[in-house]
Amino acid sequence: MGLQPYLILAACLFTIGLFGVLTRRNAIGILLGIELMLNAVNVNLVAFARFTGETAGLIFALFTISITVAEVALGLAIVILIFRVRRTVEADQLHLLKG
Amino acid sequence: MNAGTLALAALGLPFCSFLLLAVVPPLRRAGRAAGALSIAAIGGSLLASLVLWRTLPRESVELTWPWLPAEGGPMATVGILVDHLAASMLVLVALVSFLVQLYSLGYLEHETPPALGRYYAYHSLFAFSMLGLVLASNFLQMFIFWELVGLCSYLLIGFWYTKPEAARAAVKAFWVTKAGDLGFIIGIVLLWGQAGTFQFSGLFQMAADRTLPTAGLALIMFLIYLGAVGKSAQFPLHVWLPDAMEGPTPVSALIHAATMVAAGVYLVSRVYPLFLLTPDVLALIGWVGAFTALLAATLGLVQADIKRVLAYSTVSQLGFMMAALGAGAAAAGFFHLLTHGLFKALLFLGAGAVIHAVGTNDIWKMGRLYRAMPQTAIVFLVGTLALAGIWPFAGFFSKDAVLAGVWEGGLTTPFLMLALTVFLTAVYMFRVVFVVFFGNRSAEGHPHDVPLVMSGPLWILAILTLGWGISLAASGGGEKAHGPEWIPWLASGLAVAGIVFAWLTYQKRAVSADALARTFRPLYVAALSKFWLDDLYGGIYRGILLGFSRLVGWVDRYLVDGLVNLASAWTLRWGDGLRRIQTGRAQDYLYGVAFGLLLVIVWSYWR
Chain A
1 MGLQPYLILA
11 ACLFTIGLFG
21 VLTRRNAIGI
31 LLGIELMLNA
41 VNVNLVAFAR
51 FTGETAGLIF
61 ALFTISITVA
71 EVALGLAIVI
81 LIFRVRRTVE
91 ADQLHLLKG
Chain B
1001 MNAGTLALAA
1011 LGLPFCSFLL
1021 LAVVPPLRRA
1031 GRAAGALSIA
1041 AIGGSLLASL
1051 VLWRTLPRES
1061 VELTWPWLPA
1071 EGGPMATVGI
1081 LVDHLAASML
1091 VLVALVSFLV
1101 QLYSLGYLEH
1111 ETPPALGRYY
1121 AYHSLFAFSM
1131 LGLVLASNFL
1141 QMFIFWELVG
1151 LCSYLLIGFW
1161 YTKPEAARAA
1171 VKAFWVTKAG
1181 DLGFIIGIVL
1191 LWGQAGTFQF
1201 SGLFQMAADR
1211 TLPTAGLALI
1221 MFLIYLGAVG
1231 KSAQFPLHVW
1241 LPDAMEGPTP
1251 VSALIHAATM
1261 VAAGVYLVSR
1271 VYPLFLLTPD
1281 VLALIGWVGA
1291 FTALLAATLG
1301 LVQADIKRVL
1311 AYSTVSQLGF
1321 MMAALGAGAA
1331 AAGFFHLLTH
1341 GLFKALLFLG
1351 AGAVIHAVGT
1361 NDIWKMGRLY
1371 RAMPQTAIVF
1381 LVGTLALAGI
1391 WPFAGFFSKD
1401 AVLAGVWEGG
1411 LTTPFLMLAL
1421 TVFLTAVYMF
1431 RVVFVVFFGN
1441 RSAEGHPHDV
1451 PLVMSGPLWI
1461 LAILTLGWGI
1471 SLAASGGGEK
1481 AHGPEWIPWL
1491 ASGLAVAGIV
1501 FAWLTYQKRA
1511 VSADALARTF
1521 RPLYVAALSK
1531 FWLDDLYGGI
1541 YRGILLGFSR
1551 LVGWVDRYLV
1561 DGLVNLASAW
1571 TLRWGDGLRR
1581 IQTGRAQDYL
1591 YGVAFGLLLV
1601 IVWSYWR
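What follows is the structure, encoded as C-alpha cells:
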C-alpha cells in the first residue's frame, strides 16, 4: 500500500474535523472537531515518517499528541468557566466580540 | 579705560538694571528703590558716555565678536562701532534718559509702587536698547535693537493700559512702525545678498572702493529708508506719533521727541555713505522730509492738546532733519537732531510740569500760568525760542544749517516749504505760549511750580540749550559758514514774523482767530481732521484688509474645512458599514480563515 491512501485518509479526517468545528453549536463539539483536525495531521506525520525513513516525523507526532492533551485540558477548563458565568456553552450566544 | 570698555559699560549698566528689576520682583515692587537703581545705572552710563565723548580718538573704534557661524567666516557678527556720530548720539541719549528718569520720580509720584517699578524696568530696557542701537556695528544688530526700542515704545505708550485710548495708541504705534520695519528688514536682507556682509565698516569700504554692485541698490536703500519713515514719523507713516501722546509725558519727552523717533534720522546718518550712492533716494528723502515738515506744522496749528502740538512739532522737526540729509547736508541734519533732542525734551518736560499742575492737556483750560509757575514759564520760553530758531539759542544754528544745506543741495521747492514751516513753527509754538502762560483767563484750580526733582532737569536742559547756543555764537556759528549770507536773516525774520503774528492773534486779539479759520476754511477743516489720513488708513483697514480676511475666512471655513469634513464623513460611513461583518462569533471568523485558505490554494493552482 502506497502513501496516497494515508494522505486521503488524513484529508478526510481533516475535512470532517473542520466541518464539525464550523457547524457545531456546542463548544465541546467544536473542541472535538479540533481534535480530529490535529489527529489528521498526526496521521500525515506518521505516514511520511514511515515512507521516507525519517524518524523526525514520529517525534513530531509525539509532541503533537502531548500538546493536544494540554490544549484539550485548557479548552475544557475555559468551557467550564464560561458555563459558570454565562450558563450556556452554545457558541451562537457567545458573541462578545460583536462589532 | 579705552573707548571700547567705556562703550560697553555705558551699554551694560542699564541692561544690568533692567535685568535686576525684571528678575527680582521685591525690588521692582518697591517702586522708588527701583527708580533709584535705574537712575543710578543710567547716571553711570551718562558718565561713561561723557568720558568716551571727550577722549574719543580721531578714527572710529570697532569691536566685533563672531555670531552666526558659517563656512568661511561668520555670517554675522555682534559688536560696537564708536565714532563721533555714535559718541554724540550716545551722550544725548544717556543725558536725556537720565534727566527724564529723574523727572519721572516727581511726575509719577502718585503711581502705586509696583507700577512705578514696572515703569523704571521699561525705562532701563529702553535705555539699553537705544544705546545698543546707537553703538550697533552692523545692520542685523541695529535691526534687533531697532525692534527693541519699538517694543519699549509700545510698552511705555500703553503704560496706563487700563485706559482704552492708551492701549489703542500703543497698538497703533506698534503696527504703523512695523509697516516701515518690514521694508527695513527686506532691505537689509537684499543688501546682504548683494554685498555679503551686514557690517557697516565693510559696506562703507565697498562703497568707497566702488565695488558695491549698484544694480538694484536704489530699491534696497529705499526699503531701508522705509524703516526710518516709520520710526521717524515721516509722511505718510507719521500718524502714530500724535496718538502716542497718550503715554506719560516724560515718556513722550524721551522716546517720542528726543531719542527713539530720531533713530530713523540716525540710521540715515549712520549709513550715509551708502545713501550717497543713490542720489534719487536722497532726493526723495529730502522732498518727503520737507513735505512732512510743512504738513505737520499746519496740523500743529489747530491742536488744542498741548502735547499734540508738541508731537506735530516733533514730526515737523524730524522732517527738517530728513530734508537736510536728503539735500546732502548730513552734518546739518545730525546737528539739528542733537539740538532738537535737547530743546524738545525740555518743551515736553515743561508741558509735563504744566499738565501736572493744572491736571489737563487742553490749552484752552489754561492761562496766565506765568504767575503761578514762573520757573516753568521761563524754561518753556527758552525751549520755544530755541524751537522757533531765535538767536542765540541752539535751535537757531541748527535750523540755519539745515536751511543752508537744503539751499546748497539745490532743492529749491523743499527749501521754500521749510521756510514756510519756520514761520508756522513760530506761530504754533507761540500760540501755545501766549494761551497757556499769558492769555487773558486764569487757569482752573491752584497751579504751583513743580518740586526740585522735576524743575532740576528742566533747568539743566534750558541751560544746555542756551549755553550751547551761546558757545556756538561765540565760535562763529557751527555749520553756518556753508550757506549764503541771507539765510540766517530770512529764517530769523520769518520766525520773528511768526511770533508777532501769534502775539497779535492770541495775546492782543487784534487778529481774530475765528476770522482766520473762516478765511482758510478748507485748510482749517482739513487740518482739524488730520487731512483724513487716519480715516484713509481706517478705511483701507476696514474695507480692504477686513474684506480680504473675510474672503480667506470663508475659503478656510467652507472649502478647506469642507474637504476635511467630507473625508471624515466618508470614513465614518464606511466604518459603519464594515462594522456589520464583525458578528462576534468565533465560528464565522473560522469560516473566513478556511474560505481564505481555500482561495489561496485554488489561486496558487490556477496561477
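So the sequences go chain by chain: A and B.
Each residue of the first sequence is one higher than the one before, starting from 1 at the first, in this note's numbering.
Each residue of the second sequence is one higher than the one before, starting from 1001 at the first, in this note's numbering.
Ideal Cβ positions, reconstructed from N, Cα and C, are used throughout, including at glycine.
Measuring CB to CB, does residue 1253/B end up less than 8 angstroms from residue 1424/B? Residue 1253/B sits at position 253 when you count from the first residue of the second sequence. Residue 1424/B sits at position 424 when you count from the first residue of the second sequence. Not in contact: residue 1253/B and residue 1424/B (Cβ atoms no closer than 8 angstroms).
Give the straight-line distance between the Cα atoms of residue 1595/B and residue 1551/B, rounded to the nearest whole angstrom. Sequence index remark: in the second sequence, residue 1595/B carries index 595 (1-based). Sequence index remark: in the second sequence, residue 1551/B carries index 551 (1-based). Straight-line Cα distance between these residues: approximately 56 angstroms.
Cα-Cα separation between residue 1073/B and residue 1195/B, rounded to whole angstroms: The count along the second sequence starts at 1 and reaches residue 1073/B at position 73. The count along the second sequence starts at 1 and reaches residue 1195/B at position 195. Straight across, the Cα-Cα distance linking residue 1073/B with residue 1195/B is about 15 angstroms.
One question on the structure: do residue 1592/B and residue 96/A come within less than 8 angstroms of each other, judged by their Cβ atoms? As a first step, residue 1592/B must be located in the second sequence, where it is residue number 592. As a first step, residue 96/A must be located in the first sequence, where it is residue number 96. No.
Anyone know if the C-beta pair for residue 72/A and residue 28/A falls short of 8 angstroms? Locating residue 72/A in the first sequence gives position 72, where the first residue counts as 1. Locating residue 28/A in the first sequence gives position 28, where the first residue counts as 1. No, they are not a contact pair.
Sorted by chain position, which residues of the same chain lie with C-beta nearer than 7 angstroms to residue 6/A's C-beta, five sequence neighbours on each side aside? Taking the first residue of the first sequence as 1, we reach residue 6/A at position 6. These residues qualify, in order along the chain: 43 and 47.
Run through chain B and tell me which residues come within less than 9 angstroms of residue 76/A, C-beta to C-beta. Taking the first residue of the first sequence as position 1, residue 76/A is located at position 76. Within chain B, no C-beta atom comes less than 9 angstroms from the C-beta of residue 76/A; the nearest is roughly 16 angstroms away.
Work out the CA separation of residue 1512/B and residue 1338/B for me, nearest whole Å. The residue you call residue 1338/B lines up with position 338 of the second sequence. The residue you call residue 1512/B lines up with position 512 of the second sequence. The straight-line gap from Cα to Cα measures roughly 37 angstroms.
From the DSSP output, in three-state form, read off residue 1002/B for me. Start at 1 with the first residue of the second sequence, and residue 1002/B comes out as number 2. Looking at residue 1002/B - three-state DSSP - the assignment turns out to be coil, as it is neither helix nor strand.
Pairwise C-alpha distance: residue 1087/B and residue 1479/B: Residue mapping note: residue 1479/B aligns to position 479 of the second sequence, counting from 1. Residue mapping note: residue 1087/B aligns to position 87 of the second sequence, counting from 1. At residue 1479/B the pLDDT is 48, less than 50, meaning the model places this residue with poor confidence; the figure from the coordinates comes in the next sentence. When only Cα atoms are considered, residue 1479/B and residue 1087/B end up about 19 angstroms apart.
Among residues of its own chain, excluding the 5 on either side of residue 1046/B, which ones have a beta-carbon nearer than 7 angstroms to its beta-carbon? Here residue 1046/B is taken as the residue at index 46 of the second sequence, counted from 1. Cβ within range, chain order: 1094, 1095 and 1098.
Nearest-angstrom Cα separation, counted from residue 1208/B out to residue 1545/B: As a position in the second sequence, residue 1545/B is number 545, starting the count at 1. As a position in the second sequence, residue 1208/B is number 208, starting the count at 1. Roughly 44 angstroms between the two C-alpha positions.
Out of curiosity, what's the CA-to-CA distance linking residue 1304/B and residue 1151/B? The residue labelled residue 1304/B in the question sits at position 304 within the second sequence. The residue labelled residue 1151/B in the question sits at position 151 within the second sequence. Each residue's CA atom was taken as its position, placing residue 1304/B and residue 1151/B some 29 angstroms apart.
Please report the straight-line C-alpha distance between residue 1522/B and residue 1011/B, rounded to a whole angstrom. Taking the second sequence and counting its residues from 1, one reaches residue 1522/B at position 522. Taking the second sequence and counting its residues from 1, one reaches residue 1011/B at position 11. Straight-line measurement puts the Cα of residue 1011/B at about 50 angstroms from the Cα of residue 1522/B.
Going along chain A in order, which residues have a C-beta closer than 9 angstroms to the C-beta of residue 1584/B? In the second sequence, residue 1584/B corresponds to position 584, counting from 1. Under the 9 angstroms cutoff, chain A gives 94, 95, 96, 97, 98 and 99.
Within 7 angstroms of chain B by C-beta, residues of the segment 12-39 of chain A in sequence order: Residues passing the 7 angstroms Cβ filter: 18, 21 and 22.
I want to see whether chain A comes within less than 8 angstroms of residue 1605/B, judged by CB atoms only; does it? The sequence position of residue 1605/B within the second sequence is 605, counting from 1. No, its Cβ sits nowhere closer than 8 angstroms to a Cβ of chain A.
By the three-class DSSP mapping on this structure, what secondary structure does residue 1480/B have? Here residue 1480/B corresponds to residue number 480 of the second sequence, with the count starting at 1. In this prediction, residue 1480/B has a pLDDT of 48, which is less than 50 and means its spatial position is unreliable; nothing more can be read from the coordinates.
Applying the 10 Å Cβ sphere with the 16-neighbour rule, what's the burial state of residue 1138/B? Here residue 1138/B refers to the residue found at position 138 when the second sequence is read from its first residue. Of the other Cβ atoms in all chains shown, 16 or more fall within 10 Å of the Cβ of residue 1138/B; this residue is therefore buried.
At 9 angstroms on the CB atoms, spell out the chain B contacts of residue 91/A, in chain order. For the purposes of this step, residue 91/A is taken as the residue at position 91 of the first sequence. Result: 1585, 1586 and 1587.
Indicate whether at least one CB of chain A lies closer than 8 angstroms to the CB of residue 1590/B. Stepping through the second sequence from its first residue, residue 1590/B is reached at position 590. Yes, contact with chain A.
Specify, as a first and last residue, the run of the alpha helix (DSSP H) that residue 1603/B falls within. Counting from one through the second sequence, the residue named residue 1603/B turns up at place 603. First-last of the alpha helix (DSSP H) with residue 1603/B: 1586-1606.
Specify whether the segment 1411-1426 of chain B and the segment 1279-1289 of chain B touch according to this definition: at least 3 beta carbon pairs, one from each stretch, less than 8 angstroms apart. Segments in contact, yes.
Bridge-paired residues (DSSP) for residue 1080/B: Here residue 1080/B is taken as the residue at index 80 of the second sequence, counted from 1. According to DSSP, residue 1080/B shares a beta bridge with 1063/B and 1136/B.
Contact test: residue 95/A Cβ vs the ligand COA heavy atom, cutoff 7 angstroms: In the structure shown, the ligand COA is absent, as is every other ligand, since no ligand is present at all.
Could you check what DSSP says for residue 26/A in three-state terms: helix, strand or coil? The sequence position of residue 26/A within the first sequence is 26, counting from 1. In the three-state reduction of the DSSP assignment, residue 26/A falls in the strand class.
Please classify residue 1305/B: does DSSP put it in a helix, a strand, or coil? Counting from one through the second sequence, the residue named residue 1305/B turns up at place 305. Reduced to three states, the DSSP call for residue 1305/B is strand.
Measuring alpha carbon to alpha carbon, tell me which residue in 1175/B, 1164/B, 1530/B and 1472/B is nearest residue 1393/B. Counting from one through the second sequence, the residue named residue 1393/B turns up at place 393. Measuring from the Cα of residue 1393/B, the nearest candidate turns out to be 1472/B.
How far does the alpha helix (DSSP H) with residue 1488/B in it reach, from first residue to last? Taking the first residue of the second sequence as position 1, residue 1488/B is located at position 488. Counting along the chain, the unbroken alpha helix (DSSP H) around residue 1488/B starts and ends at 1486-1502.
Please go through the same chain and pick out, in chain order, the residues whose beta-carbon is closer than 8 angstroms to the beta-carbon of residue 1411/B, but skip the five residues on each side of it. Residue mapping note: residue 1411/B aligns to position 411 of the second sequence, counting from 1. Within the same chain, residue 1411/B has close Cβ partners 1283, 1286, 1287, 1290, 1323, 1326 and 1327.
According to DSSP, what are the bridge partners of residue 1199/B? Taking the second sequence and counting its residues from 1, the one referred to as residue 1199/B is at position 199. Residue 1199/B is bridged by DSSP to 1138/B.
Would you kindly check if the distance between the Cβ of residue 1056/B and the Cβ of residue 1003/B is under 8 angstroms? Taking the second sequence and counting its residues from 1, the one referred to as residue 1003/B is at position 3. Taking the second sequence and counting its residues from 1, the one referred to as residue 1056/B is at position 56. Yes; because the gap between Cβ atoms is below 8 angstroms, this pair is in contact.
Who pairs with residue 1068/B in a beta bridge, going by DSSP? Translated into the one-based positions of the second sequence, residue 1068/B becomes position 68. In DSSP, residue 1068/B forms a bridge with 1076/B.
If you drop the 5 nearest sequence neighbours on each side, which residues of the same chain put their C-beta closer than 8 angstroms to that of residue 1396/B? Here the question's residue 1396/B lines up with position 396 in the second sequence. Correct list, in chain order: 1386, 1389, 1390, 1469, 1488, 1491 and 1492.
Would you say residue 1070/B faces chain A, with C-beta separation under 8 angstroms as the test? Sequence index remark: in the second sequence, residue 1070/B carries index 70 (1-based). Not one chain A Cβ lies under 8 angstroms of residue 1070/B.
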